[in-house]
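A.B. asks: Starting off with a structure, shown below.
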Amino acid sequence: MSIVSIVKCRDYTPKEVQAALREAIGLAGLDGHLRDRKVLLKPNLLSARKPEDAVTTHPEVIRALGTIAADGGCAVSVGDSPPFAGRNPEKYARLCEVTGIAQVARSLDVPLVRFESASKSIANAREGIY
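Start counting the sequence shown at 0; every next residue gets the next number (numbering that gives the first Met the number 0).
Listed below in structure tokens is the structure:
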């Protein structure tokens, strides 16, 4: 069975986004699942555009999810594999800066991972391995 929760978020202020996400997580019954796990936040970095252009996931959403997961004792990482910048470290770094994702990773003190640079292994999502 799939569970979907939809919560109105009036703006992208940190307080508003975090409150909306906490409510959505609670409605989905997932609050207990964000405890002492490895959590990878994938922001869907499509283009080097500012957050207000709404092309990629807004950095405040990543910040709020990272904060919620870290509050639960999770080891948080942020990463992606954009098709046009994933293999080029300089383009990837610029993309992360322009979208605000790099600043969020720094503020949360979590690793910013470029998937092409990470080691590859067989994953079993049910066991929490990625």
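Beta carbons: idealized from backbone N, C-alpha and C, even for Gly.
In whole angstroms, give me the CA-to-CA distance for Thr131 and Val38.
C.D. replies: Because residue 131 is not part of the residues shown, which for the chain are 0 to 129, the question remains open.
A.B. asks: The ligand ATP and Leu26: does any heavy atom of the ligand fall closer than 7 Å to the residue's C-beta?
C.D. replies: With respect to the ligand ATP, the structure shown offers nothing to examine, as it has no ligands at all.
A.B. asks: Once the 5 residues before and after Gly103 are set aside, which same chain residues still bring their CB inside 6 Å of it?
C.D. replies: For the purposes of this step, residue 103 is identified with residue 104 of the sequence shown, where counting begins at 1. According to the sequence as given, residue 103 is Val; it is not Gly. Excluding five sequence positions before and after Val103, the CB atoms of its chain that fall closer than 6 Å to its own CB belong to Pro58, Ile61, Arg62, given in chain order.
A.B. asks: Between the segment 18-27 and the segment 68-87, do three or more beta carbon pairs fall short of 8 Å?
C.D. replies: no
A.B. asks: With respect to the beta strand (DSSP E) encompassing Leu39, which residues constitute its N-terminal and C-terminal limits?
C.D. replies: As a position in the sequence shown, residue 39 is number 40, starting the count at 1. Run containing Leu39: 37-40, per the beta strand (DSSP E) assignment.
A.B. asks: Might you give, ordered along the chain, the residues of its own chain that have their beta carbon closer than 7 Å to the beta carbon of Val16, omitting 5 neighbours on each side?
C.D. replies: By one-based count along the sequence shown, residue 16 stands at place 17. Within the same chain, Cβ atoms closer than 7 Å to the Cβ of Val16 are found at Cys8, Glu59, Val60, Ala63, the five residues on either side in sequence being excluded.
A.B. asks: Under the DSSP definition of a beta bridge, which residues are partnered with Asp79?
C.D. replies: Position 80 of the sequence shown, counting from 1, holds the residue named residue 79. Partner(s): Arg113.
A.B. asks: Could you tell me the alpha carbon to alpha carbon distance between Pro13 and Arg21, rounded to whole angstroms?
C.D. replies: In the sequence shown, residue 13 corresponds to position 14, counting from 1. In the sequence shown, residue 21 corresponds to position 22, counting from 1. Rounded to whole angstroms, Pro13 to Arg21 spans 12 Å at the Cα level.
A.B. asks: I'd like the list of long-range same chain contacts for Asp30, defined as Cβ closer than 7 Å, with 5 residues on each side in sequence excluded.
C.D. replies: Position 31 of the sequence shown, counting from 1, holds the residue named residue 30. Around Asp30: Ile24.
A.B. asks: Can you tell me the Cβ-Cβ gap for Leu44 and Leu94, rounded? I've got them flagged as a contact below 8 Å.
C.D. replies: Counting from 1 along the sequence shown, the entry for residue 44 is found at position 45. Counting from 1 along the sequence shown, the entry for residue 94 is found at position 95. That pair is a contact at about 5 Å.
A.B. asks: Applying the criterion that 16 or more other CB atoms from any shown protein chain within 10 Å of the CB defines a buried residue, is Val3 buried or exposed?
C.D. replies: Along the sequence shown, one-based indexing puts residue 3 at 4. That one is exposed.
A.B. asks: From the DSSP output, in three-state form, read off Ala63 for me.
C.D. replies: For this step, residue 63 is matched to residue 64 along the sequence shown. Reduced to three states, the DSSP call for Ala63 is helix.
A.B. asks: Using three-state DSSP, classify Ala74 as helix, strand or coil.
C.D. replies: The residue you call residue 74 lines up with position 75 of the sequence shown. DSSP places Ala74 in strand when its eight states are reduced to three.
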